[in-house]
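Residue numbers (full-length UniProt numbering): 1 to 672.
Beta carbons: idealized from backbone N, C-alpha and C, even for Gly.
Computed from a predicted structure; not experimentally measured.
Below is one structure, written out as structure tokens, with a few remarks after it.
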Amino acid sequence: MKNPGCSASRGSATTCATSRRHGRLVEQAAPDASPLERRLERLSGQMVWVVLAIAVVLAGFGVASGKDLRLMTEASIALAVAAIPEGLPIVATLTLARGMWRMARRNALIERLSAVETLGATTVILTDKTGTLTENRMTVRQLSLPSGETDLTESGSGGPEIARLLRVAVLCNDASLGQGAGQGSGDPMEQALLRAGRTAGLERASLLRDRPLVRKHAFDAGTRMMATVHASGRGYLMAVKGAPEAVLAASWHVDDGERDRPLDEVDRDFWRRRVADLGAKGLRVIACAERMVDDAGTHPFEELTFLGLVGLEDPAREGVPEAVAACRDAGIRVVMVTGDHAVTARSIALAVGIAGPDGQVMEGGTVDEAADGLQGVVVFARVSPAEKLSLVRAYQERGDVVAMTGDGVNDAPALKQADIGVAMGRRGTDVAREAAAMVLLDDAFPTIVGAIREGRVIFDNIRRFAAYLLACNLSEVMVVGLAVLSALPLPILPLQILYLNVVTDVFPAFALAMGEGRDHILRRPPRDPKEPILGRPQWVRIALHAAVMTAATFAAMLVGEFWLTLDRASVVTVTFLTLAFAQLWQVFNMRASGSQPFRNEVTCNPWVWAALLLCTVLLVGPAYAPSLGAVLGLVPPDLGMWVLILSASLTPLLLVQLGTMVAGMRKHDGQT
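Okay, here's the thing in structure tokens:
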């Protein structure tokens, strides 16, 4: 019954025009940089000016204290190059791209890079029912006729009432059935009606030979009905199916088994109760009606004869209750938005865990009235595409980050408006897929939850390697800056600064970006979408970590020069390797607060260990290779130098880990 798009055989001229209009809007939309990329670029730009100012000041102090002008100029330039985190946007973009690839492997195709970041901040999911929460594998389970309820079985064709009802269901249909299971095409609901008709001995092809199709009125969201007109003898048969309340409103008569009699208000109340009874069983309910006319151009939705109801079963998808529970643990509200009857929607919502006994259900037409009371609503039923757009805006005005699912042409505006528009890959239209930021290749709700988890992991990884890069770069600035301000010789040479920037920045940062995330990442509330990558707590830790690495490096330099009485080349080698290994061990300080010190998202990341091994080779190798050592100003360390290097470089790691443990104990004591 959902219009899949614009075609000569199905869609009306109005539908075609709507499809083209939405298509042009999608084509005109230009991709934009993600908020994360803009923040990183802004951060890098701000640091450029800060670092340049520091470099100029340090060069001035160095020359004023008697250091060589050329050496200080080279050191300032090298320091400026090393201190600017030019790799941040690059690593962040590659991290987002990897996240897109990982999501695609899990059947979530990301259309826009910005969606990866926004996923982690999602607070509300407005989800369709059919095919997303359910399997979209429908079966006709019950027929409600004027004479009573009938369970449809595979044996027996039933009486004339059943034949008349199913004849309309088969004629007013756009689907087709193959000879084997799974070989049909078209809407799964309409396929289920064709299978029910086949059970009763009614084949669409045979019916169309006796009653050729003359005209078709495609399903319309406004009328919530569909009609086909067939030549029948000297007149025309209008076959109509659609939402029960809509078909009832258009019906003037009812088939009582022997003749058609007027449909009074008592009858209407009777059928409304039957609709509620079927919906309470979790069945999707449609109504069928017909009318004989003399003119094929007669309006199809008036003066109908009501034939009865069809109850279709669409079981909930496997894993949906668990996914809904995971959303609840993650602080994400799941709200069902469907065109189905309120009773049916509530039944399914209860089955999958969206609604509790006290969950509020609201029907279309009252969406605007719910703008101030959205918190208690768990199901919106009989919602039109325009009302979906209003719902998205209402939640956004409350400050929510909204993910919205949709599949039809009319869903495109709501998908575009949502922070994360999620289109169905199997049953969705091209316009819906182009308007969305994410496409579900399997149309399954658990896939959305998996994508949200990946979005959170990506943001955490970006924050982690950004803090790592800035702490390492700041330590280099502080080491050179303090040496200049204290009139000491430069502890590391300009080329060594650049070499450190390549080795200790690039590989560990990429390794941190490859983290899989914590197991309970979905058991914390969504982050504020306005929250910066590095807030005040992160900047405080960056400064403290850099200060500890700087202190350890200076301590190694002073011990090597005044206690071990090493020559100048050996002192520089000790200082360089101490700072380098202190930066390598810094990756272990990037674990999340509250995680175990020896088993966490960093220590369990094999890429981190591979990066450390590679960096160790690249740092130690030049000291023992005469040609490379001469270029970098390094000499082979002896045993005493190695003891000093390792003990000094490990000190920052031990101090930070000890401080983290103490802070965690105090926090735990405060909570208890």
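Anticipated Cβ contact below 8 Å, residue i with residue j, distance rounded
i	j	result
Pro529	Val401	5 Å
Gln586	Tyr468	6 Å
Thr573	Leu498	About 17 Å; that fails the 8 Å criterion.
Pro146	Val254	6 Å
Ala296	Arg215	6 Å
Ala436	Val422	6 Å
Gln538	Arg591	In fact, because the Cβ distance is near 14 Å, the residues do not count as touching under 8 Å.
Gly364	Glu397	Not quite, the Cβ-Cβ distance comes to about 19 Å (not below 8 Å), so this is no contact.
Same chain, Cβ closer than 6 Å to residue i, five either side skipped, listed in chain order
i	result
Lys281	none
Arg426	Asp443
Asn605	Gly515
Gly62	Met72, Val484
Pro188	Asn136, Met138
Ser475	Ala546, Met549, Thr550
Ala342	Val361, Glu363, Ala381
Whole-angstrom distance between residue j and residue i, CA atom to CA atom
i	j	result
Thr344	Val285	8 Å
Arg167	Ala192	13 Å
Ser155	Met100	Only weak support is given to the placement of Ser155: the predicted model assigns it a pLDDT of 41, under 50, and the value that follows is read from those uncertain coordinates. If you take the alpha carbons of Ser155 and Met100, they lie about 50 Å apart.
Ala546	Leu614	23 Å
Ala316	Thr447	15 Å
Val503	Leu69	27 Å
Val662	Leu389	50 Å
Ala239	Thr305	10 Å
Glu74	Pro494	6 Å
Trp609	Ala580	16 Å
Pro31	Ser114	Summary for Pro31: the model assigns pLDDT 38, below 50, so the residue's position carries little reliability, and this model does not support an answer.
Ala511	Met362	48 Å
Ile533	Gln375	29 Å
Thr132	Glu313	15 Å
Pro652	Thr95	28 Å
Thr223	Gly535	52 Å
Val247	Gly120	43 Å
Arg209	Gly339	33 Å
Ala326	Leu391	23 Å
Thr127	Ile332	12 Å
Val383	Ser251	22 Å
Trp642	Ala483	23 Å
Ala412	Leu440	15 Å
Thr660	Ile542	14 Å
Glu310	Val457	A quick correction: the sequence has Val, not Glu, at residue 310. The alpha-carbon atoms of Val310 and Val457 are separated by roughly 46 Å.
Ala287	Gly235	23 Å
Gly5	Ala218	With a pLDDT of 40 at Gly5, under the threshold of 50, the modelled position of this residue cannot be trusted; read the value that follows with caution. Their backbone Cα atoms lie some 11 Å apart in a straight line.
Val51	Asp567	32 Å
Phe465	Ala509	5 Å
Pro357	Leu350	8 Å
Ala451	Asn107	9 Å
Trp563	Pro489	17 Å
Thr553	Val479	8 Å
Asp277	Glu149	11 Å
Extent of the continuous alpha helix (DSSP H) to which residue i belongs
i	result
Ala403	Here Ala403 belongs to no alpha helix (DSSP H); instead the beta strand (DSSP E) covers 402-406.
Ala196	188-199
Leu618	606-624
Val480	445-485
Val431	430-435
Cβ shell of residue i (< 8 Å), same chain only, five flanking positions each side left out
i	result
Val324	Val334, Val352, Gly353, Ile354, Phe445
Pro637	Ser570, Thr573, Val574, Leu577, Ala623, Ile645
Ile77	Ala55, Pro494
Endpoints, beta strand (DSSP E) assigned at residue i
i	result
Arg261	260-262
Arg398	Premise fails: Arg398 is in no beta strand (DSSP E) and is neither H nor E.
Glu135	Taken as a continuous stretch (DSSP letters only), Glu135 belongs to no beta strand (DSSP E), as it is neither H nor E.
Thr127	124-127
Lys216	213-220
7 Å Cβ shell around residue i - same chain, five flanking residues per side excluded
i	result
Phe507	Ala611, Leu614, Cys615
residue 675	The structure shown has nothing for residue 675, since the chain only spans 1 to 672.
Val559	Leu644
Ala8	The pLDDT assigned to Ala8 is 39, lower than 50, so where the model puts this residue is not dependable; a value taken from the coordinates is nonetheless given after this. None.
Ile348	Lys129, Leu133, Thr134, Gly282, Ala316
Val656	His545, Val548, Asn589
Gly319	Pro446
Leu263	Ser251, Trp252, His253, Val254, Phe306
Leu658	none
Cys472	Thr504, Asp505, Gln583, Gln586
is_contact[residue i, chain B] using C-beta, thresh 8 Å
i	result
Arg273	Absence of chain B from the displayed structure is noted, only one protein chain being present.
Write down every uninterrupted run of the alpha helix (DSSP H) in the stretch 507-591 whose length is 4 residues or greater and which is fully enclosed by it, in chain order.
536-558, 568-585
Ignoring anything shorter than 4 residues, give me the alpha helix (DSSP H) runs that lie fully in the stretch 266-342, in order along the chain.
320-329
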